[in-house]
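Chemist:
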Amino acid sequence: MTPDRIGVLVGAVFGLVWVEVNAGAAGAPVDLVLRIGGAVVFLAVLGGLWRARKTPAPDEAGRPGFGPGYRLVLAVELAAFLGGNALLNGPLDLPDAVPAWIAFVVGAHFVALARVWREPSIGWVGGAAAVLGAVGVAMAAAGASGDAVALTSGVGTGIVLLGGCGWTVLRVPARAA
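Per the working numbering, residue 8 is the first one in the sequence shown, and the count goes up by one each step.
Given below as structure tokens:
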């Protein structure tokens with residue numbers, strides 16, 4: 008499996024996890040619809056990856072891959088995770104904002120990787136996730152319920168990830184699926 012295809016699989020797994028973990032905030036029966044919908048899209052992504060397994064892999068020559076730029080993005084991401092979580096759980100006393108902060112950091116990481124890897128489509132997904140995360144942090148700071156934050160930043164980020172992965176495998180399977 009090519010690095011691009013592994014990336015799609017990882018993104019779809021995390022998208023499904025975001026939806027499944029946070030859908031309960033919607034209450035019944037909407038939570039069930041969200042969970043089933045997430046699972047269906049995830050299975051469609053797997054089907055698209057399976058269908059594309061015999062498609063020639065894109066030319067990986069000249070792509071930066073997992074070099075110094077990638078490692079720098081991951082180091083900054085780790086520092087942001089740890090620092091933000093410590094502030095939100097500590098002096099800021101905004102524990103409901105933690106999932107939103109994680110969504111923001113994950114989104115920002117994809118925006119940075121889009122530049123490192125010269126892959127703009129990753130940036131669009133990352134930008135959307137970062138916006139949803141920032142909105143969730145602002146909601147938590149303004150006193151919104153944890154459920155509202157979970158739906159906005161959790162389910163929203165999951166839908167963005169699943170949608171981006173689904174678009175990749177179903178619309179352009181010969182390129183990146």
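Ideal Cβ positions, reconstructed from N, Cα and C, are used throughout, including at glycine.
(1) Beta-carbon within less than 6 Å of Ala183's beta-carbon, same chain only, minus the 5 sequence neighbours each way: which residues are those?
(2) Around the C-beta of Val40, are 16 or more other C-beta atoms found within 10 angstroms, so that it is buried, or is it exposed?
(3) Span of the alpha helix (DSSP H) holding Leu158?
(4) Examine the Cβ distances between the region 41-49 and the region 160-178 and report whether three or more of them are shorter than 8 Å.
(5) Candidates Gly163, Val118, Trp131 and Trp124: which alpha carbon is nearest Ala32's?
(6) Going by alpha carbons, who is nearest to Ala104 out of Leu139, Gly130 and Glu126?
(7) Ordered along the chain, which non-local residues of its own chain (more than five positions away) have a Cβ less than 7 Å from that of Leu95?
(8) Between which two residues does the alpha helix (DSSP H) carrying Met8 extend?
(9) What span of residues does the alpha helix (DSSP H) with Ala135 cover, start to end?
(10) Measuring only the C-alpha atoms, how far is Ala155 from Lys61?
Modeler: Result, derived from the coordinates:
(1) Residue placement at Ala183 is poorly supported in this model, since its pLDDT is 46, which falls under 50; the coordinates still yield a value, given next. Here the set comprises Asp11 and Thr175.
(2) exposed
(3) For Leu158, there is no enclosing alpha helix (DSSP H), as DSSP gives it neither H nor E.
(4) yes
(5) Gly163
(6) Of the candidates Leu139, Gly130 and Glu126, the residue whose Cα lies closest to the Cα of Ala104 is Leu139.
(7) Leu101, Pro102, Ala104, Val105 and Trp108
(8) That residue, Met8, is in no alpha helix (DSSP H); it is neither H nor E in DSSP.
(9) Its alpha helix (DSSP H) spans residues Pro127 to Ala148.
(10) 43 Å
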